[in-house]
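All remarks here apply to the structure that follows.
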Amino acid sequence: MDLLDPLLLARWQFGLTTLYHYLFVPLTLGLALVVAIFQTVWHRTGDVKWLHLTRLFGKIFLINFAMGVVTGIVQEFQFGMNWSAYSRFVGDVFGAPLAFEGLMAFFFEATFIGLWIFGWDRLPRILHLASIWMVVLGSTLSAYFILAANAFMQNPVGYQMAADDGRAELIDFWAVLTNPVVLAAFPHTIFAAWMFAAAVVIAVSAWHLSRGQHLETMRSSLRFGLWFMIVSFAGVAVSGDQLSLVMVATQPMKMAAAEAMWDSACGADASFSIFSLGTPDGTEEIWSLRVPYLLSLLSTHSFDGCVEGLNDLQALYEQQFGEGVSYMPIIWVTYWSFRWMIGLGGAAALVAVAGLWVTRKRATRPVAGWMWKVAIWAAPLPLLGSLVGWVFTEMGRQPWIVFSLMLTEDGVSPGVPGWTVLISLVAFTLIYAALAVVEFGLILKAAQKGPDPLPDPNAPGGDADDSTRLTSTVY
9 MDLLDPLLLA RWQFGLTTLY HYLFVPLTLG LALVVAIFQT VWHRTGDVKW
59 LHLTRLFGKI FLINFAMGVV TGIVQEFQFG MNWSAYSRFV GDVFGAPLAF
109 EGLMAFFFEA TFIGLWIFGW DRLPRILHLA SIWMVVLGST LSAYFILAAN
159 AFMQNPVGYQ MAADDGRAEL IDFWAVLTNP VVLAAFPHTI FAAWMFAAAV
209 VIAVSAWHLS RGQHLETMRS SLRFGLWFMI VSFAGVAVSG DQLSLVMVAT
259 QPMKMAAAEA MWDSACGADA SFSIFSLGTP DGTEEIWSLR VPYLLSLLST
309 HSFDGCVEGL NDLQALYEQQ FGEGVSYMPI IWVTYWSFRW MIGLGGAAAL
359 VAVAGLWVTR KRATRPVAGW MWKVAIWAAP LPLLGSLVGW VFTEMGRQPW
409 IVFSLMLTED GVSPGVPGWT VLISLVAFTL IYAALAVVEF GLILKAAQKG
459 PDPLPDPNAP GGDADDSTRL TSTVY
């Protein structure tokens, strides 16, 4: 293997920067909604603890949003630097959704974030509340347009091939926006983001409660986070089921790779592998623990449905797209990333269920110290699940960069030497590592500081019932 292979290095660099950028995306999507809900409750009830929760998690949201914007810019430059052939091929199609994301959704989101930050004490309370809900709408729309662009790579629709130079040309923007893949992937992504936001709320609340701090405020946020986690996990499960059906219809090789299913099977033989061992080259199964009928049920919603295997699909793709290419992804990556995605998300939901039980009103025993630690250290589980889920999504599409239209090896920039990509890869890795330390430190400091102290009712102008005085000037 050539360590200075431009294709290999370009793939590593794009994978690194994409996964790093995605560290901030789910928390932005999820915390925007959490902050909006907290501020709405304060607006409706006048209970000052919800204002303090709005401030606390608003700080964390803004820190995360700022870092996400910075890291997202790098993604755009890589298209022209390392993937110019790919950019030229899909540029006409990608231009529309990405333009809507940048010029409409992100501009919309950033504008209302500014109004929310500087609107305390300046905007009427109802308009200030509306601004954070507009941030939620803008961030959600931004995610949809980006996922619509990604969905074209998974299932190309709404295009025609240019007769003169073989580029994909957009002919139906609505088809791109209503791609079955994006319609299934969007709710799955949003619910997963909500899970991570819920985990952060749970962890921050647990940290303070374990130290006996801000008890009334943090009990409320803890219970909210636990319920939010369970509801979000239910959404992830339902939307994931729909996404699997779409995946079978549009990318059957990815589903076969997720199961390491070499031969087509139906009914009881189409079993779900919980754990599997294979030969070193990954071409045969040695032993596995399987659940009969389950894969058939997941893939077709039928107990007697059939699922195509890797070998049959390879033969089919060789007839359709040409011989001499392995159309199978790296099996062990897709197999285990699929299971880690499910396992990490399920573990986070189990922690939430256990948390609801031990913190119930009729609980006869105090929460043990180790239980608080579990709640705190479980915070990264949904994020890690999302990250390996994206590894599965993108690696499972290989060797295609645009499924059925363009191989990944054909999308890299011609004439770019490997050493230049290596230099930028090392530079980005070091810079991102430093930024990660800064990001984590800022969020940790804000989280550990906790909410501002409740106002002193005896202080001049400090009546706790006068919530209109409790607007924020910290931003």
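Heads up: the sequence shown begins at 9 in this note's numbering, then just goes up one per residue.
All C-beta atoms in this analysis are idealised placements derived from N, C-alpha and C, irrespective of residue type, glycine included.
None of the values given here were measured: they were computed from a predicted structure.
Provide the residue(s) that pair with residue i in DSSP beta bridges, ordered along the chain.
i	result
M414	V410
R96	Answer by DSSP bridge pairing: none, since R96 is not bridged.
S281	R298
A74	Bridge partners of A74: none, in fact.
P315	The displayed chain sequence assigns Val, not Pro, to residue 315. Bridge partners of V315: A273.
Can you round the beta-carbon distance between residue i and residue j to whole angstroms, since I take them to be within the 8 Å contact cut?
i	j	result
W128	S139	No, W128 and S139 are not in contact; Cβ-Cβ is about 10 Å, not under 8 Å.
V244	A387	V244 to A387, Cβ: 17 Å. No contact.
W400	M349	It is worth fixing the name first, because residue 400 is Phe in this sequence and not Trp. Indeed they touch by this definition, with Cβ atoms about 6 Å apart.
A104	L178	6 Å
P459	H60	3 Å
M414	Y335	With a Cβ gap of about 13 Å, M414 and Y335 do not count as contacting.
I121	F73	7 Å
V518	M255	Nothing can be reported for residue 518: it is not among the residues displayed for the chain, which extend from 9 to 483.
Alpha carbon to alpha carbon, how far is residue i from residue j?
i	j	result
E447	L70	11 Å
S279	G377	41 Å
R231	S432	45 Å
G351	G174	42 Å
V143	L106	18 Å
E224	F65	16 Å
G492	K457	Nothing can be reported for residue 492: it is not among the residues displayed for the chain, which extend from 9 to 483.
V375	A360	14 Å
L391	W398	11 Å
P188	L31	26 Å
I282	Y325	28 Å
A491	W141	Lying before the first or after the last residue shown, residue 491 is absent from the chain, which here runs from 9 to 483.
V98	A171	15 Å
G353	P425	40 Å
P337	C314	21 Å
L41	H29	20 Å
R198	A323	Checking the displayed sequence, the identity of residue 198 turns out to be Ile instead of Arg. Their backbone Cα atoms lie some 36 Å apart in a straight line.
L484	D100	Here the chain comprises residues numbered 9 to 483, so residue 484 is not present and cannot be evaluated.
F114	T26	18 Å
D13	N90	12 Å
L443	S304	45 Å
G166	A362	47 Å
Exercise. Are the segment 11-22 and the segment 190-204 touching by the rule of at least three beta carbon pairs closer than 8 Å?
Worked result: no
For this session: With a floor of 4 residues, list each alpha helix (DSSP H) that falls wholly inside the segment 412-458, ordered by position along the chain.
Result: 426-457
For this session: Check whether the segment 184-198 touches the segment 148-159, counting contact only when three or more Cβ pairs, one atom from each stretch, lie closer than 8 Å.
Result: Segments in contact, yes.
For this session: Tell me the start and end of each unbroken alpha helix (DSSP H) in the segment 148-225 that is at least 4 residues and wholly inside, in chain order.
Result: 181-185, 188-218
Exercise. For the 8 Å Cβ check, are there 3 or more pairs between the segment 176-189 and the segment 213-224?
Worked result: no
Problem set entry | Any 3 or more C-beta pairs closer than 8 Å across the segment 416-425 and the segment 239-255 | no
Exercise. Counting Cβ pairs, one atom from each stretch, are 3 or more of them under 8 Å apart for the segment 297-314 and the segment 331-347?
Worked result: no
Problem set entry | Three CB pairs or more closer than 8 Å across the segment 313-330 and the segment 245-253 | no
Exercise. Would you call the segment 48-59 and the segment 428-443 touching, i.e. three or more CB-CB distances under 8 Å?
Worked result: no
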